[in-house]
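Q: Using this note's numbering, the first residue of the sequence shown is number 33, and each one after it goes up by one. Before I ask anything, here is the structure I am working with.
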Amino acid sequence: MNYKITIGFLSLLVCLFFAGCSDYEEDFVFTGTVEEILVEEEILVVKEYSGRDESSRDGNVYDIPFENVEKYNIGQKLEITVFSNVDEDIWDLQHMKFDIKKVEN
């Protein structure tokens with residue numbers, strides 16, 4: 033009987049530990065186009081799409097680290113969700129994670 037209680041308690045502790053470790057929260061979501069692919073650095077350079085004329089050159093440009101950058105193409109539209117584990121409004125890749133989804137044209 034004590035064995036089942038101990039296993040249950042340890043399972044609960046493990047779940048709480050992993051829940052506490054994932055302190056990344058969604059910061060913002062944006063849609064952008066791939067402007068450049070830096071294969072060796074595994075970086076996508078993405079320009080935020082403002083929804084206006086796509087040929088417009090104004091807009092934020094972000095460097096997004098991502099494995100398997102080869103599966104993306106220049107000009108491809110992406111929806112990027114940015115997660116951060118700091119409260120400050122800074123672009124610090126050591127404190128960020130990204131969820132990248134392809135957007136169908």
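The C-beta atom is built at its ideal place from N, Cα and C for all residues, glycine as well. Since the structure is predicted, the reported quantities are computational estimates derived from the model, not experimental observations.
#1: Could you tell me which of ASP119, VAL66, ASP59 and VAL118 sits nearest to ASP95, measuring between CA atoms?
#2: Can TYR81 and GLY64 be called in contact, C-beta distance under 7 Å?
#3: Note down, in chain order, each residue of its chain lying with its Cβ closer than 8 Å to the Cβ of VAL101, except the 5 sequence neighbours on either side.
#4: To the nearest angstrom, report how far apart GLU120 and GLU136 are at their CA atoms.
#5: Terminal residues of the continuous beta strand (DSSP E) containing VAL118?
A: Well, looking at it:
#1: VAL66
#2: yes
#3: ILE69, LEU70, VAL71, GLU74, ILE75 and LEU76
#4: 33 Å
#5: Segment: none, VAL118 is in no beta strand (DSSP E) and carries neither H nor E.
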